[in-house]
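Structure first, then comments.
Protein chains: 2
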Amino acid sequence: MIRAVILVSGGMDSCVTAAMAKNDGFELCFLHLNYGQRTENRELKAFHDIADFYDVKNRLTVDMTHLAQIGGSCLTDSTIDVPNADLENEEIPISYVPFRNANILSAATSWAEVLGANSLFIGAVEEDSSGYPDCRRRFYDAFEKTIDEGTKPDTHIKIITPLIELSKKEIILEGNALHAPINLSWSCYEREDIPCGKCDSCALRARGFNQAGLLDPIL
Amino acid sequence: MIRAVILVSGGMDSCVTAAMAKNDGFELCFLHLNYGQRTENRELKAFHDIADFYDVKNRLTVDMTHLAQIGGSCLTDSTIDVPNADLENEEIPISYVPFRNANILSAATSWAEVLGANSLFIGAVEEDSSGYPDCRRRFYDAFEKTIDEGTKPDTHIKIITPLIELSKKEIILEGNALHAPINLSWSCYEREDIPCGKCDSCALRARGFNQAGLLDPIL
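Protein chains in written order, with the numbering used here: chain F, 132 to 350; chain R, 132 to 350.
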C-alpha cells in the first residue's frame with residue numbers, strides 16, 4: 132500500500148479528508164500540529180479518536196509552538212479576543228495565523244520524505260475558509276513546486292486537497308457517504324467542553340449542517 | 132529603517148550574511164532555530180554573541196524539535212553516525228535534514244509578516260554546500276513564490292541569499308572586508324568544545340581559510 136501523510140487537526144474537514152484518503156486506498160499516516168491554539172487539548176483528543184477509528188499506526192504529533200511565540204493571531208495570542216463570526220466580511224480575519232499552513236506543510240513534507248510517502252492530504256477549503264491566503268489552491272500549487280525543488284531527486288510528493296472546491300455542505304454530505312466519524316471531530320476555536328456557537332468555525336459548521344439538512348452529531 | 136529577518140545558525144556563513152545585511156542598511160532581526168542538532172548549545176551561544184556584536188534587539192529562538200522527532204539525518208538522529216568528510220562525493224549526504232530549510236523559512240516568514248519585515252536573509256551556499264537540495268537558488272525562488280501566494284495581499288517578502296554563488300574562500304574574504312565577527316561563529320557538526328576537524332562542515336571551513344590564505348580565528 133502506498134503511504135499518505137494526512138494532516139489531521141481534529142476538525143471536521145480533516146476528518147472527512149482522512150475518510151477520502153482511506154477510500155482512495157492509501158495507508159494513512161496521521162500528523163497533528165500543536166501550534167499553541169486555544170483548544171489544542173480538545174483537538175488532540177479528536178485526532179487520536181479519529182486515528183483509533185481508522186486503526187492508524189503511524190501517528191505523529193509535533194509542537195509548532197513557535198507560531199504562538201510569533202503571535203499575530205487571535206488563535207495563538209490570548210491577548211487578542213476571538214471575534215464573533217462575520218461570514219460576510221471580505222477582509223482576512225484576525226484568526227489568520229501568519230503563514231501557518233506553510234509551517235505545517237513543511238513539517239509534513241519532512242515526515243513524508245522519511246516515511247517514503249508520496250502524497251500529503253490537507254483538508255483546506257478555498258471558498259469557505261474565512262479568506263485565509265494559505266488555504267487557496269494556488270498556494271498549494273506553489274508549495275508543491277517548492278517540494279520538488281527542495282527535496283531529494285527521487286522524492287516526489289503531491290499535495291492533495293480533496294475539499295478545496297467544496298462547500299461545508301458538500302463536505303458534510305461526502306463525509307456522511309463515506310461514514311467518516313464526524314461525531315469524533317472538533318471545530319470550535321474558543322471552547323473545549325461544548326462548541327461556543329459564535330466563532331467563525333462554529334458558524335461555518337452550523338451553516339453547513341443546516342444547508343445539508345442534517346443534525347451535527349456533536350451537538 | 133527597513134527590517135530584515137536574518138537566519139542566524141551561529142555558523143560562519145550566517146555571520147557573514149548578517150554583516151552583509153547590516154552593510155545594506157537593514158535593521159537586523161535575528162532568528163535562530165533549534166532543531167535538535169548535536170551542537171545546538173554551542174550554536175546558540177554563537178547566535179547570541181553575534182547578536183550582541185550587532186546590538187540586535189529583536190531576536191527570537193524557536194524550537195523545531197519536530198525535525199529531530201522526524202529524524203532521517205545524522206544531524207538530528209544520534210543513532211546515525213556523522214561520517215568523515217568526502218567533498219568529492221556527489222550524492223546527497225546523510226547530514227541532509229529532510230526539507231529543513233523550508234521548515235526554517237516558514238517560521239521566518241511568519242515572524243517577518245508579524246514584524247513587517249520585507250526581507251529574509253539566509254546564508255545558503257549552492258556550490259559549496261554538500262549538495263543539499265534545499266540550498267539551491269531555485270528552491271528559494273520557488274519558496275518566494277509560495278510566500279507571495281500564502282501571505283496577506285500587502286505582505287511582500289523577498290528571500291535574499293547573498294552567499295548563494297560564493298565559495299567558502301569568497302565568503303571568508305567578504306566577511307573579513309566587512310569586519311564580520313567570524314571569531315564568534317561556530318561551524319562544527321560534531322563537537323562543542325573544539326572543532327572536530329573531520330566533519331563536512333569543518334572540512335569546508337578549513338579548505339576555505341586555506342584558499343583565502345588566512346588563519347581561522349577560532350583555531
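Every residue gets a Cβ at the ideal spot worked out from N, C-alpha and C, and that includes glycine.
query: Okay, do the segment 241-251 of chain R and the segment 328-348 of chain F touch, 3+ Cβ pairs below 8 Å being the bar?
result: Cβ pair count under 8 Å is below three, so no.
- prompt: Which residues bound the alpha helix (DSSP H) around residue 314 (chain R)?
  reply: In the DSSP annotation of this structure, residue 314 (chain R) is not part of any alpha helix (DSSP H), being labelled neither H nor E.
Neighbour flag for residue 225 (chain F) against chain R, beta carbons, 8 Å: Judged by the 8 Å Cβ criterion, residue 225 (chain F) is not in contact with chain R.
query: Should residue 332 (chain R) be labelled buried (16 or more other beta-carbon atoms within 10 Å of its own) or exposed?
result: Flag for residue 332 (chain R) reads buried.
query: Would DSSP call residue 289 (chain F) helix, strand or coil?
result: Strand.
message: Please state the DSSP three-state secondary structure of residue 308 (chain R).
response: Three-state result, residue 308 (chain R): helix.
query: Would you say residue 210 (chain R) faces chain F, with C-beta separation under 8 Å as the test?
result: So, not an interface residue.
- prompt: Between residue 161 (chain R) and the rest of its own chain, which residues show a CB-CB distance below 6 Å, the 5 nearest in sequence each way excluded?
  reply: Contacts found: 137, 139, 182, 187, 190.
message: My output table needs one value for residue 352 (chain F): the three-state DSSP class, helix, strand or coil.
response: Nothing in the structure corresponds to residue 352 (chain F), since chain F is present only between 132 and 350.
field: DSSP-derived helix/strand/coil call for residue 192 (chain R)
entry: When DSSP states are grouped into helix, strand and coil, residue 192 (chain R) belongs to the strand group.
task: Determine, using beta carbons only, whether residue 276 (chain R) comes closer than 8 Å to chain F.
output: Interface annotation, residue 276 (chain R): in contact with chain F, CB-CB separation under 8 Å.
query: Under the three-state reduction of DSSP, which class applies to residue 250 (chain R): helix, strand or coil?
result: In the displayed model, residue 250 (chain R) falls within a strand according to three-state DSSP.
query: Quick one: does residue 237 (chain R) have its CB under 8 Å from some CB of chain F?
result: For residue 237 (chain R), the nearest beta carbon of chain F is closer than 8 Å to its own beta carbon.
- request: Go ahead and pull the three-state DSSP assignment for residue 266 (chain F).
  value: DSSP places residue 266 (chain F) in helix when its eight states are reduced to three.
- prompt: Just to check, is the beta-carbon of residue 209 (chain R) closer than 7 Å to a non-hydrogen atom of the ligand COA?
  reply: The ligand COA is absent from the structure shown, which contains no ligand whatsoever.
message: Can you check whether the C-beta of residue 245 (chain F) is within less than 8 Å of a C-beta belonging to chain R?
response: For residue 245 (chain F), the answer is yes, since a Cβ of chain R falls inside 8 Å of its Cβ.
message: So, with DSSP's three-state summary, where would you put residue 172 (chain R)?
response: Collapsing the DSSP output to three states places residue 172 (chain R) in a helix.
- request: Determine which residues share a DSSP beta bridge with residue 161 (chain R) and list them.
  value: According to DSSP, which records beta bridges pairwise, residue 161 (chain R) is partnered with R:137, R:190.
Meets three-Cβ-pair contact criterion under 8 Å: the segment 258-274 of chain R and the segment 264-282 of chain F: Contact between the segment 258-274 of chain R and the segment 264-282 of chain F is present, because at least three Cβ pairs lie under 8 Å.
query: For residue 302 (chain R), which three-state DSSP category applies?
result: Correct three-state label for residue 302 (chain R): helix.
field: Straight-line Cα distance separating residue 193 (chain F) from residue 247 (chain F)
entry: Rounded to the nearest angstrom, the gap between the Cα atoms of residue 247 (chain F) and residue 193 (chain F) is 19 Å.
Spatial distance of residue 276 (chain R) from residue 291 (chain F) (CA atoms): Rounded to whole angstroms, the separation of the alpha carbons of residue 291 (chain F) and residue 276 (chain R) is 19 Å.
query: Residues of chain F with CB under 8 Å from residue 295 (chain R), in chain order?
result: Contact note: residue 295 (chain R) does not reach chain F at a C-beta cutoff of 8 Å; the least C-beta distance is about 14 Å.
message: Along the segment 165-196 of chain R, where does the CB come closer than 8 Å to a CB of chain F? Name the residues.
response: Listed in sequence order: 191, 193, 194, 195, 196.
field: Beta-carbon spacing of residue 195 (chain F), residue 165 (chain F) below 8 Å
entry: Yes.
task: Measuring alpha carbon to alpha carbon, tell me which of F:285, F:343, F:334, F:322 ends up nearest residue 172 (chain F).
output: Cα-wise, what sits closest to residue 172 (chain F) is F:322.
- prompt: Among F:235, F:286, F:307, which one has its Cα closest to the Cα of residue 223 (chain R)?
  reply: Per the Cα distances, F:286.
task: Determine the extent of the alpha helix (DSSP H) in which residue 148 (chain R) is found, giving its start and end residues.
output: Note, residue 148 (chain R): alpha helix (DSSP H), 143-154.
- request: Select from the segment 133-155 of chain F all residues with a C-beta closer than 8 Å to any C-beta belonging to chain R, and list them in chain order.
  value: Residues passing the 8 Å Cβ filter: none.
message: I need the DSSP call for residue 320 (chain R), collapsed to helix, strand or coil.
response: Three-state DSSP puts residue 320 (chain R) in coil, outside helix and strand.
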